[in-house]
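Protein chains in written order, with full-length UniProt numbering: chain A, 1 to 299; chain B, 1 to 330.
Working notes, structure below.
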Amino acid sequence: MVSKPSNATTRKTVYILALVAAVLVGAFLAPIVSDAVAPEPDRVAVISVDGYISSNTADQLEEDLEEVRENESIKAVVLKVDSPGGSASASERMYLAVNRTAKEMPVVSSVQGMGASGAYYTMLPSEHIYATPSSMVGSVGVRGSKPMPSGGNEIRTGPDKASTTMDQREAQIETLKRGFVGSVMKHRSDELTMSRQEVAYAKVYTGARASQNGYVDDIGTLQKAIDHAANEAGLDSYEVVEKEPANRFGIFLFSERNGNATVVVEKSPVGYDGVRTSEFLMVYGQVQYEDEVIGNVSA
Amino acid sequence: MSQRNLLGGVAVFVVVVALIVVGAAIVPYAQAFTSSEQTNTTNVAKQQYDASELVVTPAPDAGTVKMDANTESKTVVIDVAHENDVSEKGIQPLVDALVANGHNVKYLTRDDARQNFNSTLRKADAFVVVNPERTYKTKQLDALRKFEDAGGRVALIGDPQSAQGMSLFGLFAPMPRGGSGGDAGLTSDYGITFGSSSLYNMHDYYLNHQNVYATPQSNSSLTEGVDKVVFRDAAPVSLSSDAGSAVLATGDQTRIETSRQSGPFTVAVQGDNVVAIGDSDFMSTQSAYEADNEVLVGNLADFLVTGDKTEGAPEPVSTGQNSGPPRAPA
Chain A
1 MVSKPSNATT
11 RKTVYILALV
21 AAVLVGAFLA
31 PIVSDAVAPE
41 PDRVAVISVD
51 GYISSNTADQ
61 LEEDLEEVRE
71 NESIKAVVLK
81 VDSPGGSASA
91 SERMYLAVNR
101 TAKEMPVVSS
111 VQGMGASGAY
121 YTMLPSEHIY
131 ATPSSMVGSV
141 GVRGSKPMPS
151 GGNEIRTGPD
161 KASTTMDQRE
171 AQIETLKRGF
181 VGSVMKHRSD
191 ELTMSRQEVA
201 YAKVYTGARA
211 SQNGYVDDIG
221 TLQKAIDHAA
231 NEAGLDSYEV
241 VEKEPANRFG
251 IFLFSERNGN
261 ATVVVEKSPV
271 GYDGVRTSEF
281 LMVYGQVQYE
291 DEVIGNVSA
Chain B
1 MSQRNLLGGV
11 AVFVVVVALI
21 VVGAAIVPYA
31 QAFTSSEQTN
41 TTNVAKQQYD
51 ASELVVTPAP
61 DAGTVKMDAN
71 TESKTVVIDV
81 AHENDVSEKG
91 IQPLVDALVA
101 NGHNVKYLTR
111 DDARQNFNST
121 LRKADAFVVV
131 NPERTYKTKQ
141 LDALRKFEDA
151 GGRVALIGDP
161 QSAQGMSLFG
171 LFAPMPRGGS
181 GGDAGLTSDY
191 GITFGSSSLY
201 NMHDYYLNHQ
211 NVYATPQSNS
221 SLTEGVDKVV
231 FRDAAPVSLS
241 SDAGSAVLAT
251 GDQTRIETSR
261 QSGPFTVAVQ
271 GDNVVAIGDS
281 DFMSTQSAYE
291 ADNEVLVGNL
301 ADFLVTGDKT
311 EGAPEPVSTG
321 QNSGPPRAPA
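Here's what the structure looks like:
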């Protein structure tokens, strides 16, 4: 005959089981809590602005910068730039995204090879711009195709439905130019040694020259830019986190033809699938259009 | 374990689970309520740009091409025989004005130029050349000079050499007047040369830096009533001292695109019977009503029909070395 356990024994057993359960749960939670409570190291984010600037590039940069602003451990941003620019609207979006970020934390830019046109627009809100001597910077201007001749095989509800007049097209491009040149003067008039009209020539400069005429602040590498950003943020020690290069879907390539850079496109930069529109470009270099594609990119 | 303890344990379990489930349901709403990103996003773009400072609006096209000349019906010949880079739209306002005022407008075809150049000029009162891309034969130049000497009116209108290297006036290779053999220059024959590079102005322009303004430089019939014209692709015009007077010039901040040499630059010249204008777009349907371009087009039309040409000039060309019975007209 088996005797019933006493009340004391039962209580003891419950306590032991509770203790074991608590230890197991605690062992699982302890690292999580520890990580959550431990102070995060300060970080400098390095974000790449690479290749032709398209709406995809702008989407990616806007997303990256939003994450940076929301991440309390990131104290400064470095833009690692190697781009001839691209779509005017995408470049403008990227400029605005950087501008918003620069109001919250130091932003420093480093031109790797090319920081021209829309890419230069993107960098403008930076507290400091570094470039290597042989990099190319500038090209502050806008370009767009002339109005297309009106087709005779369709019916339109208005004379400007499919295209526009030369006057209207020129006025549109001039409007965009004013925005671009105006932003350059707004951000860099203290550094620039040239007038608004001289900037509007849209000339491109070597990094060496650009450091003299105020397009960039100094000659320097990416590491110098990172150090500068950390100093501006008051960081003694920090980690560097690199964001992946912007989405390159529909990327553009560069090639050399007779010494001139040629932008080779996977699809037309002036339209959507099946519709040829008049997108305005802030890009440096010769643009080859759809029927001149000489190669595709799968990156 | 007593039944009471068991029921108590079950009750605690149900309450805790209920709290967790309700809490999980409420948290998303609380987060949405406390989030400022969704409803109070700063309009960075509007802070950065002032649309009123950016927007550029084309001036409305206004005015009509009017002719003041009150003359008998004249014949104006427009050269299309020398691969002239000119479209119907490119000269429509000028042609319309002439026709509307009772004048005849004829086109010199390549066949006419080859076989009936002299006779065509003989029946004409004015001759208009726009962007020729083929040179004139020496005989044609001689005929044109005689035409002009006899009081026939000549208008030389040309744009700069195109960016693709397609020569316009470059084919009018300057040659000594009366140079013999082969092709010869036309504009140089009149002491006038057209620049091969476009003008631009980064300070004062209409919509685009290549659309430069030009203003009158002297009192002339060509610029009467003109305050300011717009030339969309202007070429500088040079002239010798006896070729006429500069009547339109660009502003002093105008430059030549290739050399960056700064102006002002003469863009229109008027002599007794010759005018030279370094832009053809001003009389196109697109530009004829910008600024005072329509006044300039009207004045040009007046100039073409107000000459006093001697009847029968230029005389038929004599092909023989010795004088003899007159041959049939060329």
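Glycine included, C-beta positions come from ideal geometry on N, C-alpha and C.
Here the structure is a predicted model, which is why all the values come from computation and not from measurement.
Run of the beta strand (DSSP E) containing residue i, from where it starts to where it stops
| i | result |
| --- | --- |
| phenylalanine 194 of chain B | 192–194 |
| threonine 254 of chain B | 254–256 |
| alanine 97 of chain B | Segment 88–100 is the alpha helix (DSSP H) holding alanine 97 of chain B; no beta strand (DSSP E) there. |
| glutamine 286 of chain B | Careful: glutamine 286 of chain B lies outside any beta strand (DSSP E) and carries neither H nor E. |
| leucine 281 of chain A | 281–283 |
| leucine 199 of chain B | 199–201 |
| leucine 108 of chain B | 104–108 |
Whole-number beta carbon distance between residue j and residue i, since they are thought to touch under 8 Å
| i | j | result |
| --- | --- | --- |
| valine 212 of chain B | asparagine 293 of chain B | Valine 212 of chain B to asparagine 293 of chain B, Cβ: 13 Å. No contact. |
| glycine 307 of chain B | aspartate 125 of chain B | 6 Å |
| leucine 108 of chain B | valine 80 of chain B | 6 Å |
| phenylalanine 117 of chain B | glycine 152 of chain B | Going by Cβ atoms, the distance from phenylalanine 117 of chain B to glycine 152 of chain B rounds to 13 Å, so no, they are not a contact pair. |
| alanine 119 of chain A | lysine 243 of chain A | About 16 Å separates the two Cβ atoms, so there is no contact after all. |
| residue 302 of chain A | valine 204 of chain A | No statement about residue 302 of chain A is possible, as the shown extent of chain A runs from 1 to 299 and does not include it. |
| alanine 249 of chain B | proline 264 of chain B | 5 Å |
| glycine 207 of chain A | valine 275 of chain A | With 8 Å as the limit, glycine 207 of chain A and valine 275 of chain A do not qualify as a contact, their Cβ atoms being about 39 Å apart. |
| glycine 195 of chain B | serine 280 of chain B | Not confirmed; about 14 Å, so no contact. |
| valine 297 of chain B | valine 95 of chain B | Incorrect: roughly 10 Å between the Cβ atoms, too far for contact. |
| valine 107 of chain A | glutamate 92 of chain A | Between glutamate 92 of chain A and valine 107 of chain A the Cβ distance is about 17 Å, and since that is not below 8 Å, they are no contact. |
| threonine 175 of chain A | valine 56 of chain B | 5 Å |
C-beta contact flag for residue i and residue j at 8 Å
| i | j | result |
| --- | --- | --- |
| isoleucine 47 of chain A | serine 87 of chain A | no |
| serine 73 of chain A | aspartate 50 of chain A | no |
| aspartate 160 of chain A | proline 58 of chain B | no |
| alanine 276 of chain B | lysine 228 of chain B | no |
| asparagine 299 of chain B | valine 154 of chain B | no |
| proline 84 of chain A | tyrosine 284 of chain A | yes |
| glycine 278 of chain B | valine 267 of chain B | yes |
| glycine 144 of chain A | alanine 116 of chain A | no |
| valine 240 of chain A | isoleucine 226 of chain A | yes |
| alanine 97 of chain A | glutamate 62 of chain A | yes |
| alanine 202 of chain A | methionine 202 of chain B | no |
| threonine 132 of chain A | methionine 94 of chain A | no |
| serine 198 of chain B | alanine 143 of chain B | no |
| glutamine 270 of chain B | leucine 304 of chain B | no |
| asparagine 84 of chain B | glutamate 133 of chain B | yes |
| methionine 105 of chain A | lysine 75 of chain A | yes |
| alanine 245 of chain B | serine 220 of chain B | Reading the sequence as shown, one finds serine at residue 245 of chain B and not alanine. Contact flag set, yes. |
| arginine 169 of chain A | lysine 186 of chain A | no |
| alanine 229 of chain A | valine 78 of chain A | yes |
| glutamine 217 of chain B | valine 247 of chain B | yes |
| valine 76 of chain B | asparagine 104 of chain B | yes |
| glutamine 286 of chain B | asparagine 99 of chain A | no |
| leucine 192 of chain A | glycine 214 of chain A | yes |
| aspartate 149 of chain B | tyrosine 289 of chain B | no |
Those residues which DSSP pairs with residue i across a bridge
| i | result |
| --- | --- |
| serine 81 of chain A | The sequence given here places valine at residue 81 of chain A; serine does not occur at that position. Answer by DSSP bridge pairing, in chain order: A/Val49 and A/Val111. |
| glutamate 242 of chain A | A/Val46 |
| alanine 126 of chain B | B/Val76 and B/Arg153 |
| glutamine 270 of chain B | B/Ser245 and B/Val275 |
| alanine 76 of chain A | A/Val44 |
| tyrosine 205 of chain B | B/Val212 |
| serine 163 of chain A | According to DSSP, serine 163 of chain A bridges with nothing at all. |
| serine 87 of chain A | A/Leu281 |
| serine 262 of chain B | B/Arg255 |
Residue range of the unbroken alpha helix (DSSP H) whose run includes residue i
| i | result |
| --- | --- |
| leucine 304 of chain B | 293–305 |
| glutamine 48 of chain B | 44–48 |
| asparagine 56 of chain A | 55–70 |
| isoleucine 173 of chain A | 166–188 |
| alanine 313 of chain B | First-last for alanine 313 of chain B: undefined, no H or E at that position. |
| alanine 51 of chain B | 51–54 |
Contacts that residue i makes with chain D (C-beta to C-beta distance below 8 Å)
| i | result |
| --- | --- |
| glycine 144 of chain A | Within the model displayed, chain D is absent; protein chains A and B are what it includes. |
Q | Contained beta strand (DSSP E) runs [length at least 3] in the UniProt domain "Peptidase S49" (101–145) of chain A, N- to C-terminal order | A | 107–116, 128–131 and 136–138
Q.
At 4 residues or longer, what runs of the alpha helix (DSSP H) sit wholly inside the stretch 207–252 of chain B?
A. none
**Q.** Sequence ranges, alpha helix (DSSP H) only - wholly within the stretch 196–223 of chain A, length at least 4
**A.** 196–199 and 207–213
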